[in-house]
Each structure stands twice: as structure tokens, then as C-alpha cells.
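Take the sequence shown: its letter number 171 is residue 182 in the numbering used here, and every next letter is one higher.
We put the CB at the ideal spot given by N, CA and C, even for glycine.
Contents: one structure, followed by commentary.
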Amino acid sequence: MDKCVFGLIDAEAQRQREGLELIPSENYVSKGVLEAAGSVFTNKYSEGYPNFEGLLEWDDEEIAKTILPSRRYYGGQENTDRVERLAIARACRMFKADHANVQPHSGAQANNAVYNAWLEPGDVVLGMNLGHGGHLTHGSPVTLSAKIYDFVPYGTVAETGDIDYEEMEKLAVKHQPKILLVGYSAWMKVPDFARVAEIGKKIPGCLLMADMAHVAGLIVGGVHRNPFDYGFHVVTTTTHKTLRGPRGGLILSKGVVGNPLKKPEKTLENIPTLIDRSVFPGTQGGPLMHVIAAKAVAFGEALQPEFATYVTNVVNNAAILADELDALGFHCIGGGTENHLILIDMMRSFKIDGKLMERALDRISLNLNANAIPNDTLPPFRPGGIRLGTPAITTRGLSRQEMKKIAKWMKAVADVCVKAKKEENLDKYSEELLVLREEVKRMALRFPLPSDK
Ligand code: PLP
12 MDKCVFGLID
22 AEAQRQREGL
32 ELIPSENYVS
42 KGVLEAAGSV
52 FTNKYSEGYP
62 NFEGLLEWDD
72 EEIAKTILPS
82 RRYYGGQENT
92 DRVERLAIAR
102 ACRMFKADHA
112 NVQPHSGAQA
122 NNAVYNAWLE
132 PGDVVLGMNL
142 GHGGHLTHGS
152 PVTLSAKIYD
162 FVPYGTVAET
172 GDIDYEEMEK
182 LAVKHQPKIL
192 LVGYSAWMKV
202 PDFARVAEIG
212 KKIPGCLLMA
222 DMAHVAGLIV
232 GGVHRNPFDY
242 GFHVVTTTTH
252 KTLRGPRGGL
262 ILSKGVVGNP
272 LKKPEKTLEN
282 IPTLIDRSVF
292 PGTQGGPLMH
302 VIAAKAVAFG
312 EALQPEFATY
322 VTNVVNNAAI
332 LADELDALGF
342 HCIGGGTENH
352 LILIDMMRSF
362 KIDGKLMERA
372 LDRISLNLNA
382 NAIPNDTLPP
392 FRPGGIRLGT
402 PAITTRGLSR
412 QEMKKIAKWM
422 KAVADVCVKA
432 KKEENLDKYS
442 EELLVLREEV
452 KRMALRFPLP
462 SDK
């Protein structure tokens with residue numbers, strides 16, 4: 012055993028046990044997911060795809076026992092094929108999709124593969140302004156995709172926090188996007204997918220794409236609208252946020268499922284096959300079969316009735332936490348939350364920046380992240396807001412009483428920040444912070460990680 016690395020794994024497990032994770036894009040996976048992710052599937056090269064025609068009519072038992080001729084470039088695929096087919100079938104069931112590609116190594120890879128499947132260099136993508144909650148892969152100039160395609164941003168309405176659908180429509184008519192993209196990393200509302208679809212359908216050849224990385228679990232559990240119910244063609248997501256699986260990406264689509272070894276005509280109907288060819292060999296090499304096995308386990312868990320209860324609790328906890336914070340003087344953007352995520356304007360609330368608050372909360376083992384808020388005047392590394400959410404703490408079993416306590420701890424830390432003014436001065440308040448840290452630890456240890464149970 013490697014003492015250094017395994018020492019760090021132990022230290023990380025202890026950090027997770029003794030603290031409370033409020034970063035809205037994180038979660039704690041089950042023992043099953045963890046074991047599958049650490050399994051011998053990591054030894055296997057499996058470029059290509061399993062044979063999945065007719066798959067959606069099969070049940071899990073049939074998939075797990077049926078061996079079909081493989082469409083891979085290497086031998087020895089009887090188990091990888093079946094585990095990937097299980098992941099695909101379960102993913103389609105979760106989202107009511109015709110097709111799933113479970114191979115993207117991450118959410119960013121999933122988005123890039125969709126762009127590469129549908130766009131030519133220079134084509135326009137209409138996506139949410141990054142400063143209003145969109146993701147880096149939706150057009151940040153630092154990304155490769157922004158060098159290839161032309162991203163045009165739409166924004167949100169300052170007073171309500173809603174998407175500015177009128178602006179979206181005007182921009183769509185003007186720029187004729189090939190992809191109309193709804194997706195976000197720091198937004199607390201539920202999109203009006205019907206309205207977006209209406210706009211997209213007026214543009215010839217426009218693909219309707221939803222990047223649901225943050226809210227995928229809420230969709231699967233039935234507490235958030237599913238874009239496919241409104242005519243969207245493609246949904247991308249990460250698998251490690253509210254979906255509570257291993258780190259990775261996933262692409263779901265509607266259309267005709269074909270053989271990825273044969274090049275199809277570039278039509279909206281053929282999107283499933285265009286996507287398969289774009290993931291491999293278009294943008295990735297060999298799939299991470301151990302992660303795909305872990306995705307299959309997580310998707311199986313998400314299809315259980317208990318998962319619907321879990322996501323209902325996630326949303327309820329977020330609403331309670333937002334209310335409690337609001338009562339203590341925190342200004343929540345959008346007036347609260349409709350999902351799992353809360354965005355707070357720290358400058359407006361307490362005249363302190365988000366980074367100072369993040370660093371001070373780290374000292375009491377409450378982890379969240381500093382985040383830009385709409386029309387932020389501060390720089391990206393020291394933005395004016397913080398972003399937090401309830402997926403991880405709800406997995407551990409925290410509920411109403413604990414949300415109230417967390418809000419009170421956050422207020423106590425904000426008070427320290429107001430006095431300290433700067434990070435360098437936080438040491439002066441270390442005794443005060445230590446008392447809070449012990450309180451957080453006592454609560455955290457009452458709610459074990461799922462992998463410790
Ligand atoms: N899309 C959205 C909306 C996200 O929030 C994220 C991650 O935060 C991604 C894509 C990228 O996912 P990954 O970090 O797995 O590449």
C-alpha cells in the first residue's frame with residue numbers, strides 16, 4: 012500500500028465525516044457506487060459501443076444475462092457490453108429518452124460532444140450568460156468550444172431572476188442559432204421549457220439542448236420539469252451532482268437509434284447516432300468502464316421510490332434554508348429558490364465579498380463556494396456572492412432543525428467577517444470560529460456518510 016496516498020484518502024474521509032458539504036454540485040455516493048467505481052472494470056479497454064438495438068424492451072435481468080455480438084475494437088467484452096447496456100437502459104428509463112450515451116468522462120465532455128455532433132465551425136449557440144448562472148462550457152472565451160463556435164448569451168431579469176425570454180427570442184431571430192441551450196450552474200429557478208421550445212422551433216435546423224447537470228436528480232425524482240416533455244432533442248448532465256453517481260457525464264436524446272459504426276445523414280432524427288459517433292471517436296478515446304459500472308449502479312438507485320423522497324427533501328431543505336437565511340439578513344438572488352441551490356449577494360447583505368465568507372466558513376467545516384452574482388462588479392476570483400445547496404446534506408439525513416442551525420452558523424460567521432474585513436484578520440477570531448467548528452463537527456458526526464453505514 013502507498014502510505015502517502017492512502018493516508019490522504021483517510022484524511023479526506025475524515026474531513027467529509029466531520030464537515031457539512033454545502034457545495035450544490037457535490038454529493039455523497041452509496042457504498043455500491045463507490046465499490047463499482049473502484050472495481051476491476053478499470054483494467055479494461057472498450058473503445059466502441061455494445062450492441063443496443065431493441066434494448067429498451069428488455070428488463071435488467073435479461074440485459075445482465077444476454078451476450079450479443081459486440082461493436083468494440085477490442086476482444087473480451089462480454090461483461091463490459093452488458094454493464095454498459097444496463098447503464099444505457101436505466102438512463103433512458105430515468106429520463107424517458109430514446110437513447111443514452113453513458114461514456115462522456117465529464118459534463119464538459121458531454122457538452123462538447125453534442126456541439127461536435129451538430130455544429131460546423133462558426134455556427135451559433137444561444138446559451139445563458141455565464142455571469143447570470145450559465146456554465147463555462149456555454150461559451151466562456153477560455154474554452155476550446157468558444158474558439159470553434161459562436162456563442163451568443165441571453166440573460167436573466169434583475170428583479171425576478173427569471174430568464175429573459177423576450178431577449179432570448181429577439182436574439183434567436185437575429186442570430187439564427189443552430190443550438191438553443193438552456194442550462195446553468197448557479198441559477199435557482201425552473202425554466203419555462205415550453206416557451207424555449209416555441210422559440211427554438213421557429214429557427215430552421217435549431218437543436219433544443221438542455222444541460223441539466225445540476226438538476227438531473229430532481230428531474231428523475233419528479234420534482235422538476237423534464238425538458239423531453241416539451242420537445243427538447245438533447246439533454247446533457249453530469250452524473251455526480253443531484254443524480255448521486257460517480258463523477259462523469261451523460262447524454263440523452265430523442266430520435267432514431269442506429270448503428271454507430273455507420274455514418275448517418277445529419278438530421279435531427281439521427282441525433283442519437285450522431286452523438287455516439289461524436290463521443291467516440293469524435294471527442295474521446297476509451298470509455299472508463301469502472302465509472303460506467305458505477306453509473307449503472309447509481310441509475311438503478313435513482314429509479315427506486317426512495318430517490319423521489321430524497322429529492323423532495325432536497326428541495327424542501329433548500330426552501331427552508333433560504334427562508335432562514337433571508338430572515339437573518341442574507342439577500343437571496345431570485346427571492347429564494349425553486350430547486351436545490353441558493354445564490355446569495357454577500358455585498359448587498361453584509362458588505363463582504365464571497366471569497367472572505369467562503370474562507371471563513373471553511374474554518375468551521377461548512378463548505379460552499381464563492382460565486383459571481385448577476386451583474387457582479389467584483390473580479391471572478393473574489394466575487395460578490397456565495398452559492399450553496401442541499402443535495403449532499405440531505406443525503407446524510409439533515410432536515411428542518413439542522414437547516415435552521417446551519418443558517419445561524421452562517422450568520423455568526425458573516426458577523427465575524429464583518430469584524431475581520433479581510434482574510435488575513437480571521438486568525439484574530441480563531442477561538443470564536445473554533446467553538447462553531449466543534450458544533451458543526453458534533454452535528455456532522457450524528458449523520459454518517461452513506462459509505463460508512
Ligand atoms: N454543465 C453544467 C451546467 C455544470 O454545472 C457543470 C459542472 O459544474 C458542467 C456542465 C461540467 O461538468 P464537469 O465538471 O463534470 O465537466
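With contacts defined as CB atoms closer than 8 Å, Ile-384 and Leu-354 qualify as a contacting pair.
Shown here for Thr-248: same chain residues with a beta carbon closer than 6 Å to its own, the five before and five after excluded, namely Met-223, Ala-224, Ala-227 and Leu-261 in chain order.
Rounded to whole angstroms, the separation of the alpha carbons of Asp-240 and Val-322 is 19 Å. Going by C-alpha positions, Glu-89 is about 60 Å away from Lys-362. The DSSP-derived three-state label of Ser-441 is helix.
In terms of Cα proximity to Gly-65, the closest of Gly-59, Glu-73 and Glu-58 is Glu-73. Looking from the CA of Glu-178, the closest CA among Gly-216, Thr-167, Gly-172 and Gln-187 belongs to Thr-167. Looking at the DSSP output, Ile-355 bridges to Cys-343 and Ile-397. Distance from Val-94 to Ala-304 at the Cβ level is roughly 5 Å; contact confirmed, criterion being Cβ atoms closer than 8 Å. Going by DSSP, Phe-162 is part of no alpha helix (DSSP H) but of the beta strand (DSSP E) stretching over 161–165. Per DSSP, the continuous alpha helix (DSSP H) segment holding His-301 begins and ends at 300–313. His-251 has its alpha-carbon roughly 30 Å from the corresponding atom of Tyr-176. Residues of the same chain with a CB within less than 7 Å of the CB of His-342, apart from the 5 flanking positions on each side, are Ile-355, Asp-356, Arg-359 and Ser-360 in chain order. Scanning its chain for C-beta atoms nearer than 6 Å, with the 5 sequence neighbours on each side dropped, one finds around Phe-243 the residues Leu-219 and Ala-221, in chain order.
Tyr-60 is bridged by DSSP to Arg-82.
About 6 Å separates the Cβ atoms of Pro-115 and Val-290, confirming a contact at the 8 Å cut-off. Placement of the Cβ of Tyr-195 at a distance of less than 7 Å from at least one heavy atom of the ligand PLP is found. Under DSSP, no beta-bridge partner is assigned to Ser-36.
Distances taken from the Cβ of Ser-117 to the heavy atoms of the ligand PLP include one shorter than 7 Å. In this structure, Thr-294 lies away from Asn-112, with their beta-carbon atoms at least 8 Å apart.
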